[in-house]
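Numbered according to full-length UniProt numbering, the sequence shown spans residues 1 to 239.
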Amino acid sequence: MPDPSRQEAEAPPLTLAGALTGMRLTLPLVPGVVVFGTAFGAAAAQKGFDVWLTLSLSAFVFAGASQMVALELWREVWSWPTLLYLMMVTATINGRMVLMGAAIAPHVKAMPRGIRLLNFYVLVDANWLVATRYHADGGRDLGVILGAGAMLWGLWVLATIPGFLAGALVTDPRAFGLDLVMPVFFAVMLVPLWKGLAPAIPWIVAGAVALLTSVLVDGYAFIIVGALAGAAAGALRDG
Numbered sequence: 001m002p003d004p005s006r007q008e009a010e011a012p013p014l015t016l017a018g019a020l021t022g023m024r025l026t027l028p029l030v031p032g033v034v035v036f037g038t039a040f041g042a043a044a045a046q047k048g049f050d051v052w053l054t055l056s057l058s059a060f061v062f063a064g065a066s067q068m069v070a071l072e073l074w075r076e077v078w079s080w081p082t083l084l085y086l087m088m089v090t091a092t093i094n095g096r097m098v099l100m101g102a103a104i105a106p107h108v109k110a111m112p113r114g115i116r117l118l119n120f121y122v123l124v125d126a127n128w129l130v131a132t133r134y135h136a137d138g139g140r141d142l143g144v145i146l147g148a149g150a151m152l153w154g155l156w157v158l159a160t161i162p163g164f165l166a167g168a169l170v171t172d173p174r175a176f177g178l179d180l181v182m183p184v185f186f187a188v189m190l191v192p193l194w195k196g197l198a199p200a201i202p203w204i205v206a207g208a209v210a211l212l213t214s215v216l217v218d219g220y221a222f223i224i225v226g227a228l229a230g231a232a233a234g235a236l237r238d239g
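1) Of all the options Trp153, Leu20, Met23 and Ala11, which has the alpha carbon lying nearest to the alpha carbon of Val61?
2) Measure the C-alpha to C-alpha separation of Asn119 and Ala150 and round it to an integer number of angstroms.
3) According to the neighbour-count rule (16 or more other Cβ atoms, all chains shown, within 10 Å of its Cβ), is Trp128 buried or exposed?
4) Pair every Cβ in the region 126 to 140 with every Cβ in the region 97 to 104, then say whether three or more of these pairs are closer than 8 angstroms.
5) Assign Trp80 to buried or exposed, taking buried as 16 or more other Cβ atoms, counted over all protein chains shown, within 10 Å of its Cβ.
6) Exposed or buried, what is Pro13 when buried is set at 16 or more other beta-carbons lying within 10 Å of its beta-carbon?
7) How far does the alpha helix (DSSP H) with Thr82 in it reach, from first residue to last?
8) Do the region 20 to 28 and the region 72 to 92 meet, that is, are 3 or more Cβ pairs less than 8 angstroms apart?
9) Along the chain, where does the alpha helix (DSSP H) containing Trp74 start, and where does it finish?
10) Going by C-alpha distance, which of Gln46, Gly48 and Pro199 is nearest Gly234?
11) Tell me which residues share the same chain as Asn94 and place their Cβ nearer than 7 angstroms to its Cβ, disregarding the 5 neighbours each side in the sequence.
12) Where do the ends of the alpha helix (DSSP H) carrying Leu152 lie?
13) Leu123: which of Gly138, Trp156, Leu55 and Ala39 sits nearest, CA to CA?
14) Let's test the definition: count the other Cβ atoms within 10 Å of the Cβ of residue 292 and tell me whether it reaches 16, buried, or not, exposed.
15) When DSSP labels each residue in this structure, what does Tyr220 get in the three-state scheme?
16) Hey, Ala221 and Leu99 are a contact pair by Cβ (cut 8 angstroms); roughly how many whole angstroms apart?
17) Going straight from the alpha carbon of Ala17 to that of Trp78, what length do you get?
18) With respect to the alpha helix (DSSP H) encompassing Ala17, which residues constitute its N-terminal and C-terminal limits?
19) Among the residues of its own chain, which have a CB less than 6 angstroms from the CB of Ile224, if the five just before and after it don't count?
Right, dumping it as structure tokens:
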């Protein structure tokens, strides 16, 4: 019969130190998150949103790409077709979160239920990648992904306020090259995860299929199509 005390000792920790480590690992992203949050606030103000609606979107949606797309598709007068289209587009953009959540589920299953749900609430690409690399390096503290997500959430929400107040001050981060902050961060974080060509095949397939889909199909279908293609490639490789 398993020794309960041994099982408890082997359970991954969830500590404040781990959360602080997660926050530290996201520091390179701070400029990009702040600028994009500011840009969203400015764009929302131009659309005629009030400050509370703008803050609510950042706090409860917490998905930069989806929020920007929602602003592009926003209408003064809504119909069911336009509403359903907006829902479909944002669901497509965020569809990758289902796969990302499934990928980290084995690592966070030891979390208390409430904290686990909070963790999934603040899950975004950046803290998912931080946690993936952390676990690949042998880390076990569950606070890392939660701390990274909490910091990114707080920065995103707070950055919305000066953006809203400044109006059109920073509406195009590309003009300052700040749109490259996150892609460069992801590329650097992926380097230590390289374990040879075979383990990288799903990533290569996902990138190639996403790129091809973006050329052939308008909209944001390339995100979910690429993710599914990568998952299928991984299943075939392991099967």
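For every residue, glycine included, the Cβ atom is placed at its ideal position computed from N, Cα and C. All values reported here derive from a predicted model rather than from experimental measurement.
Working from what's here:
1) Trp153
2) 8 angstroms
3) buried
4) yes
5) exposed
6) exposed
7) Trp80 to Asn94
8) no
9) For Trp74, there is no enclosing alpha helix (DSSP H), as DSSP marks it with neither H nor E.
10) Pro199
11) Ala63 and Ser66
12) Gly143 to Ala166
13) Trp156
14) No answer is possible for residue 292: the residues shown for the chain start at 1 and end at 239.
15) coil
16) Contact doesn't hold; Cβ gap of about 15 angstroms is too wide.
17) Looking at the two C-alpha atoms, the distance is approximately 47 angstroms.
18) Leu16 to Leu25
19) The beta carbon of Ile224 is closer than 6 angstroms to those of Thr92 and Gly95 in its chain, skipping five residues each way along the sequence.
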